[in-house]
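Structure first, commentary second.
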Ligand code: SF4
């Protein structure tokens, strides 16, 4: 596979906004979207999760890469109603109050996602939107759309602490790092609750300090709610890291994840 999994390369890396455009033809169809799994889990104190197919980044530490790199062959299309019913059933059975879409990038099929959130909100469940933020940063209309919901919290997962780290970890053009920060700015401007979760496994301390200063210049809450994210060394993740020739400074094996990261 080429680093961008078929994405057009120009300059230093692919453009993740363009990659998203190409992927939509594969993973979105009308209001339907491809998913490969529905599950419960211990994250956030217990949450029902729908794992979607397709992402516009190519992170070397991605645990969802089998679905990411084979979107045509993986999963099947689901309507928003089917996704909602699966999540609701898992949440009711396990006593959860929260649900999310994870696995790959939820924002690729935007109309589908808005329909899912609307159904979730009608059932009084809280929706956690886990996103790499690229598309919300490139189009503030996405943040505006989310502002009509009251039960949504957005976790913007930032890949590395600087444009260079972002490029090293994702293979995307370094400038696209800015879109992740822009996503947080857009969301806060529209009053949508959001916080950054930053992949720090590969980061230099001075880059982390610089990033925190940049976040503070957007809003102090982004520093007080700064979440540290680290690589979990699942066997298929280790395989990818070895292939890329990149090894984290800090990482955890799945049976040794600290309580505060769960
Ligand atoms: S943004 Fe998430 S799903 Fe996409 S490649 Fe990176 S880690 Fe994987």
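Residue numbers (the numbering used here): 359 to 620. No residue lacks a Cβ here, since even glycine has one placed at the ideal position from N, Cα and C. None of the values given here were measured: they were computed from a predicted structure.
Secondary-structure assignment with DSSP links residue 440 through no beta bridge to anything.
Among the bridge pairs identified by DSSP, residue 460 is matched with 409.
No heavy atom of ligand 1 is found nearer than 7 angstroms to the CB of residue 472. In the structure shown, the three-state DSSP call for residue 564 is helix. Taking 8 angstroms as the cut-off, the Cβ atoms of residue 541 and residue 514 count as close. Residue 551 and residue 591 have their C-alpha atoms spaced approximately 30 angstroms apart. Looking only at 610, 526 and 375, the smallest Cα-Cα distance to residue 491 is reached by 375. In chain order, 525, 531 and 532 place their CB closer than 7 angstroms to the CB of residue 370, counting only its own chain and leaving out the 5 sequence neighbours on each side. Relative to the Cα of residue 426, the nearest Cα in the group 556, 385, 471 and 560 belongs to 385.
Membership of residue 554 in the beta strand (DSSP E) is indicated by the continuous run 552-557. The region 574-611 is shown to contain whole alpha helix (DSSP H) runs of 4 or more residues at 579-582 and 593-602, in chain order.
Counted as a single uninterrupted DSSP element, the stretch harbouring residue 392 is not any alpha helix (DSSP H) but the beta strand (DSSP E) occupying residues 390-397. The C-beta distance from residue 382 to residue 461 rounds to 17 angstroms, too long to fall under 8 angstroms, and the pair is not in contact. Distance from the CA atom of residue 587 to the CA atom of residue 528, rounded to whole angstroms, is 15 angstroms. Using a cutoff of 7 angstroms, the CB of residue 420 counts as near ligand 1, since one of the ligand's heavy atoms is closer than that. Relative to ligand 1, residue 462 has its C-beta within less than 7 angstroms of a heavy atom. Rounded to whole angstroms, the gap between the alpha carbons of residue 452 and residue 446 is 10 angstroms.
Take the alpha-carbon of residue 398 and the one of residue 438: they are about 18 angstroms apart. Within the DSSP bridge table, the entry for residue 510 names 485 as partners. In terms of Cα proximity to residue 545, the closest of 558, 496 and 408 is 496. The C-alpha of residue 486 is placed about 5 angstroms away from the C-alpha of residue 458.
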